[in-house]
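Report on the following structure.
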Amino acid sequence: RKPVTLPRLLEMHAGGEKIAMLTCYDASFAHVLDEAGVDVMLVGDSLGNVLHGASSTVAVSMDSMLYHTRSVARGSNKAWIVGDLPFDSYHASKEEAWKNAAELFKLGAHMVKLEGGGWTNETVRFITERGIPVCAHLGFTPQTVTSLGGFKVQGRSEAGAALLKRHAQELVEAGAQMLVLEMVPAALAKEITESLPIPVIGIGAGVGCSGQVLVLHDMLGISHGRHPRFVRNFMEGSSSIQQAVRRYVEEVKAGTFPVDAVHGF
Ligand code: KIV
Ligand code: NA
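Residue numbers for the sequence shown, in UniProt numbering: 4 to 268.
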């Protein structure tokens, strides 16, 4: 398998070949995911929840993101690596956002991800024009769970759907080259995916996206607490972690995971 590149991801989106993405936080798992054919690894700020035991992602530091990004980059040589910009690392100014994006990039992230639409356009343009690819994240955005009033599906109302579509379009115009859609009605996510020239990766956003992402610990059945309906435990029926990850990749590629009636909104 050749290393995954940006042109390859764009080609997969254009050709309807599904993209399998999982979060990853260390070198051992990075190696397992790489061997299993995972296309994209996200060093997610969900590490605040699954590694640190925090109830939200807002307290995750740049230092934590740098530490885990370096580990994942060392353990992988095929997958495309996305590093999350944590809360308060890209909010104050586009210059500060660039500095933090560059730190992740220097340690091996191929792309950085940031949450939100509208106010992020300028930042995305600033970072991408200077040579670091950006993945946007719309729909339910965990860093703003407080202002969103809880874990809620986004884009359900007509106005909400219109805003989501506008934000997605603007982010593409600003230079974003991938988009994560979280907890969005499947029909809306499918419409957005078909209208954009960049891969759209869904989590709780239906099977009509260009690909899927799950939190690694959720799909291995080892995360505690609340389990959203879009999670499936791939260790059920698997005899090893390697097999569970391979089955996830196979099911995403085949379009048999997720099932909208079961995992969707
Ligand atoms: O941090 C994370 O795990 C994420 C995914 C849920 C998309 O941002
Ligand atoms: Na995240």
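Each residue gets a CB set at the ideal place from its N, CA and C atoms; glycine is no exception.
So who's on the other strand from residue i, going by DSSP bridges?
i: residue 118; result: 140
i: residue 54; result: For residue 54, which the question treats as bridged, DSSP gives no partner whatsoever.
i: residue 26; result: 45
i: residue 87; result: 116
Considering only C-alpha positions, which residue in the set the options is nearest to residue i?
i: residue 220; options: 39, 14 and 47; result: 47
i: residue 115; options: 121, 107 and 122; result: 107
i: residue 61; options: 89, 82 and 176; result: 89
i: residue 140; options: 188, 196 and 204; result: 204
i: residue 297; options: 5, 6, 118 and 15; result: This structure cannot speak to residue 297, because the chain is shown only from 4 to 268.
i: residue 191; options: 59, 201 and 166; result: 166
i: residue 27; options: 12, 10, 70 and 4; result: 70
i: residue 6; options: 158, 43, 29 and 72; result: 43
i: residue 66; options: 81, 91 and 79; result: 91
i: residue 138; options: 117, 128 and 74; result: 117
i: residue 164; options: 186, 23, 110 and 103; result: 186
i: residue 11; options: 45, 25 and 81; result: 81
i: residue 9; options: 78, 258, 176 and 202; result: 202
i: residue 177; options: 156, 213 and 136; result: 136
9 Å is my cut-off, CB to CB: does residue i come that close to chain B?
i: residue 33; result: The chain labelled as chain B is not found in the depicted structure, where only one protein chain is given.
Quick check on the burial criterion: 16 or more other C-beta atoms within 10 angstroms. Buried or exposed for residue i?
i: residue 154; result: exposed
i: residue 198; result: exposed
i: residue 52; result: buried
i: residue 112; result: buried
i: residue 87; result: buried
i: residue 2; result: Residue 2 lies beyond the range of the chain shown here (4 to 268); nothing can be said about it.
i: residue 2; result: The chain is shown only over 4 to 268; residue 2 falls outside these bounds and no answer can be derived.
i: residue 150; result: exposed
i: residue 55; result: exposed
i: residue 239; result: exposed
i: residue 227; result: exposed
i: residue 21; result: buried
i: residue 196; result: buried
Cβ contact check for the region 126–134 and the region 162–172: 3 or more pairs under 8 Å:
no
Complete runs of the alpha helix (DSSP H) confined to the region 134–202 [at least 4 residues]:
148–151, 161–177 and 189–198
Check whether the region 95–104 touches the region 138–146, counting contact only when three or more Cβ pairs, one atom from each stretch, lie closer than 8 Å.
no
Touching or not, the region 240–256 and the region 24–44, by the rule of three or more beta carbon pairs under 8 Å?
yes
I'd like to know if the region 230–237 and the region 121–130 are in contact, where contact means that at least 3 CB-CB pairs between them fall below 8 Å.
no
Start-end ranges of the alpha helix (DSSP H) lying completely within the region 197–257, minimum 4 residues:
219–222 and 244–257
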